[in-house]
Each structure stands twice: as C-alpha cells, then as structure tokens.
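Visitor: Once you've had a glance at the structure underneath, I'll fire off some questions.
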Amino acid sequence: DAKTTQPTSMDCAEGRAANLPCNHSTISGNEYVYWYRQIHSQGPQYIIHGLKNNETNEMASLIITEDRKSSTLILPHATLRDTAVYYCIVPPDNAGNMLTFGGGTRLMVKP
Amino acid sequence: ETGVTQTPRHLVMGMTNKKSLKCEQHLGHNAMYWYKQSAKKPLELMFVYNFKEQTENNSVPSRFSPECPNSSHLFLHLHTLQPEDSALYLCASSQGPGQGFSPLHFGNGTRLTVT
Numbered sequence: 001d002a003k004t005t006q007p008t009s010m011d012c013a014e015g016r017a018a019n020l021p022c023n024h025s026t027i028s029g030n031e032y033v034y035w036y037r038q039i040h041s042q043g044p045q046y047i048i049h050g051l052k053n054n055e056t057n058e059m060a061s062l063i064i065t066e067d068r069k070s071s072t073l074i075l076p077h078a079t080l081r082d083t084a085v086y087y088c089i090v091p092p093d094n095a096g097n098m099l100t101f102g103g104g105t106r107l108m109v110k111p
Numbered sequence: 001e002t003g004v005t006q007t008p009r010h011l012v013m014g015m016t017n018k019k020s021l022k023c024e025q026h027l028g029h030n031a032m033y034w035y036k037q038s039a040k041k042p043l044e045l046m047f048v049y050n051f052k053e054q055t056e057n058n059s060v061p062s063r064f065s066p067e068c069p070n071s072s073h074l075f076l077h078l079h080t081l082q083p084e085d086s087a088l089y090l091c092a093s094s095q096g097p098g099q100g101f102s103p104l105h106f107g108n109g110t111r112l113t114v115t
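Residue numbers (the working numbering), protein chains in the order written: chain V, 1 to 111; chain S, 1 to 115.
Given below as structure tokens:
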C-alpha cells in the first residue's frame, strides 16, 4: 500500500475553511486518493476521491499536487457537524474496495 | 440513514455466550464487509464477501464466523469471545468488483462488550 501520513489532530474555527493535508509520497501512477470521515458514534462516510485532477463535490474539494505526492482536503465553510476523524487512503491499484484505514486526522471545529 | 442497518447497536456478552451480529443493506450492492474498530486503533478489515462468496479473511480467529446468505444480508456469529474482542464492529457494502467505482457505505456499527 502507498503509505499515507496525516497530522494527528487539527482545529478549525466555525465558518472558516478547514484544510486537511495528506502525504502519500510513494503513490504510484494508477492509485487513487480517497477521503472518508468518521463522526463520533457513526460509521465512516465517503467524502471524495481523485487521481490527478482537482475534484469538487457538495461536501468538499480535493487538491492533488502535480507530482501526486500529497493532497489537501478542503471543507470550505466548516461547521460544528464537521467535527470528525478524516481518513486519507491510497489503496493499491488491485485492492478494489478493500480499504486500509490509518489513524486519520481528528478535526475539531470550534465555535 | 446510511442504507446499511446493523443490529443490535449495543451488545454485552459473556465469554461463554453465542451471539450474532446482523447487517442489512438496501442499496442493491453485491459486496459486503466486516470491519473491527478497537479503542485507540485504526479500523481493521475482517472479512469480504463478493456476490455471496467470501473472498477475504484477514487472519481472523475462528471464534468469529461470518455468514452471507444473500447479497443484502451479512451476519457475524460470535462464540467463546475474549475481553479483548470488545470493539465496534462495522459492516459496509459497495458494488462488487468489475462494476466501476463504488464507495463503501458503512452502517453505524454494533458496540460489543465481552465480559
């Protein structure tokens, strides 16, 4: 697996953008970057994924560097309900949907 | 509502008990998964079923026995568990392999305590 490195925790003020970084320097050409989050007492929830282009959906934006060695998940206007653990995952090309979750980043959105 | 329902939400059992966890998905998916989430540890993949066939067993002890009678239902049968098996057990589903990208949809888990 391409190893990912994320900060253990981050704080963000409510209403501000939350920028969550992820390093994946050993990523290979066909491996996607996936982001999930887990709100307390719930199962993980898919957010977004990308290969090389920046992606945006109703939940977040994903910015992938040109060399693909890192990415940033952006929550443009964080709310208290965005407080969660955010997981950046880069499965092997042949892993299908067998995702390996690391420790993630615990994002605390504060009023 | 995630489309994946797990029951019970909480379960307390003794080490000599036999119990089962149930998962049901209403999303028309063909793949189902069991994950274990222990305190202070990342999620661990336990089992994968594709089109009702078990395709992955991640070195899980035999005291955990999965069953997938159809693509919509997944069970985890538990017997002679140990206190260290106390954890949140999460079920997930997705489209099966070869059917294009499909994110995992998780249930909210069963919180298991073994006494």
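Every residue, glycine too, gets a C-beta built ideally from N, C-alpha and C.
For V:Asp67, which of helix, strand or coil comes out of DSSP?
Guide: coil
Visitor: Taking C-beta pairs closer than 9 Å, name the residues in chain S that V:Gln6 reaches, listed in chain order.
Guide: By Cβ distance, chain S contributes nothing, its closest Cβ being about 11 Å from V:Gln6, past 9 Å.
Visitor: Where does V:Ser9 land, buried or exposed, given buried means 16+ other C-beta within 10 angstroms?
Guide: exposed
Visitor: In this structure, does DSSP put S:Asp85 in helix, strand or coil?
Guide: Note: S:Asp85 maps to helix in three-state DSSP.
Visitor: Can you pull out the residues from the stretch 27-52 of chain S whose beta carbon lies closer than 7 Å to at least one beta carbon of chain V?
Guide: From the stretch 27-52 of chain S, only Ala31, Pro42, Leu43, Leu45 and Val48 have a Cβ closer than 7 Å to chain V.
Visitor: Hey, how far is the Cα of V:Ala60 from the Cα of S:Tyr33?
Guide: 26 Å
Visitor: Find the residues of chain V that neighbour S:Pro103, judging by a C-beta separation of less than 7 Å, and give them in chain order.
Guide: Tyr46
Visitor: Taking CB distances under 8 Å as the criterion, tell me whether S:Pro8 reaches chain V.
Guide: No, S:Pro8 lies away from the interface with chain V (no Cβ there is under 8 Å from its Cβ).
Visitor: Excluding five sequence neighbours on each side, which residues of the same chain lie with their C-beta closer than 8 Å to the C-beta of S:Thr5?
Guide: Cys23, Glu24, Gln25, His26 and Gly107
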